[in-house]
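Following: one structure in structure tokens, then a few remarks.
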Amino acid sequence: MAARISDEQLKQLVEAAIFVADKPLSKERLFDTVLSDLKVSKKRLDKALESLRLDYLPRGVQLVKVASGYRFQSNDSLSPWLGRLWQEHAPRYSRAMLETLALIAYRQPITRGEIEDVRGVAVSSNIVKTMLEREWVKVVGHKEVPGRPALYATTPQFLNYFGLSSLSELPSIESLESAVLDDRSDEPLSFEAAAEKTPSAADELPNPIDMKENQLH
Amino acid sequence: MAARISDEQLKQLVEAAIFVADKPLSKERLFDTVLSDLKVSKKRLDKALESLRLDYLPRGVQLVKVASGYRFQSNDSLSPWLGRLWQEHAPRYSRAMLETLALIAYRQPITRGEIEDVRGVAVSSNIVKTMLEREWVKVVGHKEVPGRPALYATTPQFLNYFGLSSLSELPSIESLESAVLDDRSDEPLSFEAAAEKTPSAADELPNPIDMKENQLH
Amino acid sequence: MSDEPQPQVVQEPVQQPLPLAFINGEALIEKPEDLYIPPDALEVILETFEGPLDLLLYLIRRQKLDIINLPILQITRQYMDYVDVMKELKLELAGEYLLMAAILAEVKSRMLLPKHEDADDEEEDPRAELIRRLREYEVVKYAAEEIDKLPRQQRDFFVVQADVDESVEPIRILPEVTLQELVLSFQQAMKKAKNLEHHHIEKEVLSTRERMSHILDIIGPTTYTGFDKLFDVEEGKAGVVVTFLAVLELVKEDLIEIVQAQPFANIHIKMAS
Numbered sequence: 000m001a002a003r004i005s006d007e008q009l010k011q012l013v014e015a016a017i018f019v020a021d022k023p024l025s026k027e028r029l030f031d032t033v034l035s036d037l038k039v040s041k042k043r044l045d046k047a048l049e050s051l052r053l054d055y056l057p058r059g060v061q062l063v064k065v066a067s068g069y070r071f072q073s074n075d076s077l078s079p080w081l082g083r084l085w086q087e088h089a090p091r092y093s094r095a096m097l098e099t100l101a102l103i104a105y106r107q108p109i110t111r112g113e114i115e116d117v118r119g120v121a122v123s124s125n126i127v128k129t130m131l132e133r134e135w136v137k138v139v140g141h142k143e144v145p146g147r148p149a150l151y152a153t154t155p156q157f158l159n160y161f162g163l164s165s166l167s168e169l170p171s172i173e174s175l176e177s178a179v180l181d182d183r184s185d186e187p188l189s190f191e192a193a194a195e196k197t198p199s200a201a202d203e204l205p206n207p208i209d210m211k212e213n214q215l216h
Numbered sequence: 000m001a002a003r004i005s006d007e008q009l010k011q012l013v014e015a016a017i018f019v020a021d022k023p024l025s026k027e028r029l030f031d032t033v034l035s036d037l038k039v040s041k042k043r044l045d046k047a048l049e050s051l052r053l054d055y056l057p058r059g060v061q062l063v064k065v066a067s068g069y070r071f072q073s074n075d076s077l078s079p080w081l082g083r084l085w086q087e088h089a090p091r092y093s094r095a096m097l098e099t100l101a102l103i104a105y106r107q108p109i110t111r112g113e114i115e116d117v118r119g120v121a122v123s124s125n126i127v128k129t130m131l132e133r134e135w136v137k138v139v140g141h142k143e144v145p146g147r148p149a150l151y152a153t154t155p156q157f158l159n160y161f162g163l164s165s166l167s168e169l170p171s172i173e174s175l176e177s178a179v180l181d182d183r184s185d186e187p188l189s190f191e192a193a194a195e196k197t198p199s200a201a202d203e204l205p206n207p208i209d210m211k212e213n214q215l216h
Numbered sequence: 000m001s002d003e004p005q006p007q008v009v010q011e012p013v014q015q016p017l018p019l020a021f022i023n024g025e026a027l028i029e030k031p032e033d034l035y036i037p038p039d040a041l042e043v044i045l046e047t048f049e050g051p052l053d054l055l056l057y058l059i060r061r062q063k064l065d066i067i068n069l070p071i072l073q074i075t076r077q078y079m080d081y082v083d084v085m086k087e088l089k090l091e092l093a094g095e096y097l098l099m100a101a102i103l104a105e106v107k108s109r110m111l112l113p114k115h116e117d118a119d120d121e122e123e124d125p126r127a128e129l130i131r132r133l134r135e136y137e138v139v140k141y142a143a144e145e146i147d148k149l150p151r152q153q154r155d156f157f158v159v160q161a162d163v164d165e166s167v168e169p170i171r172i173l174p175e176v177t178l179q180e181l182v183l184s185f186q187q188a189m190k191k192a193k194n195l196e197h198h199h200i201e202k203e204v205l206s207t208r209e210r211m212s213h214i215l216d217i218i219g220p221t222t223y224t225g226f227d228k229l230f231d232v233e234e235g236k237a238g239v240v241v242t243f244l245a246v247l248e249l250v251k252e253d254l255i256e257i258v259q260a261q262p263f264a265n266i267h268i269k270m271a272s
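Protein chains in written order, with numbering that gives the first Met the number 0: chain A, 0 to 216; chain B, 0 to 216; chain C, 0 to 272.
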């Protein structure tokens, strides 16, 4: 056998073989499989591989040599975008999570124990962890009481996310109560209903009242 | 959001995304994933795709558009050698399977009974099962006749498998009809002739391995 | 099975055949069936038929006959010969073959019936339905051959996949929260607190609480911070007041300590210890 093949054809064949193989291809395996009937020296194969490597330098995938052979892989500079191909949606936040976040926003700095006092139930570590990971809250200190519990506060990322320039722009509870409770007095303030609203629904909230009057109770 | 990206970067990103995705990538999916944070118009994406297609024309793999999106696949002409990377040869399909598939492709949606009427024989459950498992066909509804038989139609996966981007790329039914009437009236359907047919197009390459399909044994 | 040459004559006026068809027909009648069946390949061939229509098409095409002018008598005879051979070889003979035999016999008998004179409505050719089915099936058969010739994955081409760089990580899309949800959640928490009634929530100036967080954030846990560092002149009087109130509140809650070494010296604050 041992048919001849041009340098161009050899490059095409090696390129396609590395691309279609399900694992990295070593030179030995190339010789044993796709090149088995062809008259190709080790030197010519090396040349073809090097030429391919150079061809792909400016491209989105690169020819690299790993322990078990050659393979094409994406440019590392593209990783931040490529990760989106495998994007997954995290589950919606629970009611406990949102109440905790709201208490941290309106009552900061606040300890976990204080949140638990208001909500009447324990706050799971997971909830706090999720908030910290999202960088919406951070620990700003420790309260000087037995156990020195962490004091939580919101972050600038939290304000950015909700499009606020400062906490004083958080809707005041008084204005909200009159607007929401009056209009929908017999409609329960269900979290589900709120959750279905588009984010822009926040725009329809009553204007935050002046900072000085912006009081909570 | 909506960061800018140069034409070169866009090409690299799209190229890498199509290469690393585990199935063909549609433009919609590109926009929803890797391009979601980027300022890229549909027109620019089209330009990048076309530019990539041209880049790869002289290479061992090609950018092709199939039913469910864009993918890279090896040059047809290299198949005889690339096939050696795998132990098993490509499966052959029985005439019964191909005729059933042809009827579903051309007459969809169609019931099993209708297929049997045309072919004059029962369609084995195995054939239907195999095609459903391969996701070449699917049940798209039920015919409102006694027994409410399932209506079958082809899927994008069927088109992908045959490298087609739409059903319209199949030979037209008119061309098939006229071919049968004109050309074949004096061409005996000899079994010997059919058996000798070589469907492989890779003639210019030396020593294609025997992956050809003899149609009738 | 007992065709004589005569029925052929009946057939002629119906189809006005090309001489070729007639010649073929005659030749077929005279020659034994093994002209069409290579004996060694018989079994293989018989098994490859996809059904009675396929077998009929084979018989027709093999003899270069025209489907439109289907010579029903000779085809019926040959078909029955094949069916007999299949029975002899004990091949599993699908019921469809016998059904087709019955259909052929029926068509044949209708062909043999004398034609009525008053055939104004051009009595339908008894073969019409069979011819339609044969043509329909032939198109499907041809379509299947064409599909088989299409380039096919894993035979004519292989799908390409490159690996991702190890730095690629799946992106997790975090849930959206609206400001309204947040406010409603706070309200709900407050309602609960009221119901619990053991916790008194006092009025508080939100801007003060925000400043409290801010102060805790900028003062280190161990070192002292200059009191003046807490104030930003650009904020004006209101800012100074807010900061001052925040410091007082922090002291009240025992969160910070204020240290002044001597009167009028710089005031320093640090986390309470």
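We treat Cβ as the ideally placed atom computed from N, Cα and C, and that holds for glycine.
Linking D227(C) to Q156(A) through their CA atoms gives a straight-line distance of about 27 Å. Exclusion of the five residues before and after L69(C) leaves R126 and I130 as the residues of its chain whose Cβ lies within less than 6 Å of its Cβ. Here T154(B) is not near Q107(B), since their CB atoms are 8 Å or more apart.
Taken through DSSP and simplified to helix, strand or coil, A152(B) comes out as strand. Using a Cβ-Cβ cut-off of 8 Å, V120(B) counts as an interface residue toward chain C, since at least one Cβ of chain C sits closer than that to its own. For L62(B), the three-state secondary structure derived from DSSP is strand. Counting the other CB atoms within 10 Å of its CB gives H213(C) a total of 16 or more, which places it among the buried residues. A residue is called buried once 16 or more other Cβ atoms fall within 10 Å of its Cβ, and D45(A), having fewer, is exposed. With respect to R83(A), S35(B) sits close: the two C-beta atoms are nearer than 8 Å. Out of L9(A), D21(A) and L37(A), the CA that lies nearest to the CA of A2(A) is found in L37(A).
I114(A) carries a helical assignment under DSSP once its states are collapsed to helix, strand and coil. Under the three-state reduction of DSSP, D45(A) is assigned to helix. Any Cβ of chain A closer than 8 Å to the Cβ of A161(C) would place that residue at the interface, and such an atom is present.
A contact is defined here as three or more CB-CB pairs under 8 Å, and the region 144-156 of chain C meets this definition with respect to the region 78-93 of chain B. For L247(C), the closest Cβ of chain A is not nearer than 8 Å. Neighbours of Q11(B) in chain A, taken as residues at a C-beta separation under 7 Å, are given in chain order as R58, G59, N74 and L77. Counting the other Cβ atoms within 10 Å of the Cβ of E49(B) gives fewer than 16, which makes it exposed. The beta carbons of E115(A) and A121(A) sit closer together than 8 Å.
The beta carbon of L29(A) lies closer than 7 Å to those of V13, A16 and L44 in the same chain, with the five residues before and after it left out. A direct Cα-to-Cα measurement between L77(A) and T99(B) gives close to 45 Å. With at least 16 other beta carbons inside 10 angstroms of its own, V33(B) counts as buried.
Distances from the CA of G225(C) to each of E233(C), I257(C), V241(C) and P113(C) were compared; the closest alpha carbon is that of I257(C). At least 8 Å separates the beta-carbon of Q160(C) from that of F161(B). Boundaries of the beta strand (DSSP E) around E256(C): I255 to Q259. Separation of Y69(B) and P23(B) (C-alpha to C-alpha, rounded to the nearest whole angstrom) is 5 Å. Taken atom to atom, the span from the alpha-carbon of P79(A) to that of R147(A) is near 39 Å. Among the bridge pairs identified by DSSP, A2(A) is matched with L37(A). Rounded to the nearest whole angstrom, the CA to CA distance from K42(A) to L51(A) is 14 Å. Listed along chain C, the residues sitting closer than 7 Å to V139(A) by beta-carbon distance are S212, L215 and D216.
Counting of Cβ neighbours within 10 angstroms places L92(C) among the exposed residues, the total staying below 16. CA-CA distance, I67(C) to D124(C), rounds to 11 Å.
Close to S165(A), with beta-carbon spacing below 8 Å, are these residues of chain C in chain order: S206 and E209.
Under the three-state reduction of DSSP output, Y92(A) falls in the coil class, being neither helix nor strand. Not one beta carbon of chain A lies nearer than 8 Å to the beta carbon of T99(B). By the rule that beta-carbons nearer than 8 Å mark a contact, F30(A) does not touch chain C.
In the structure shown, the three-state DSSP call for L129(C) is helix.
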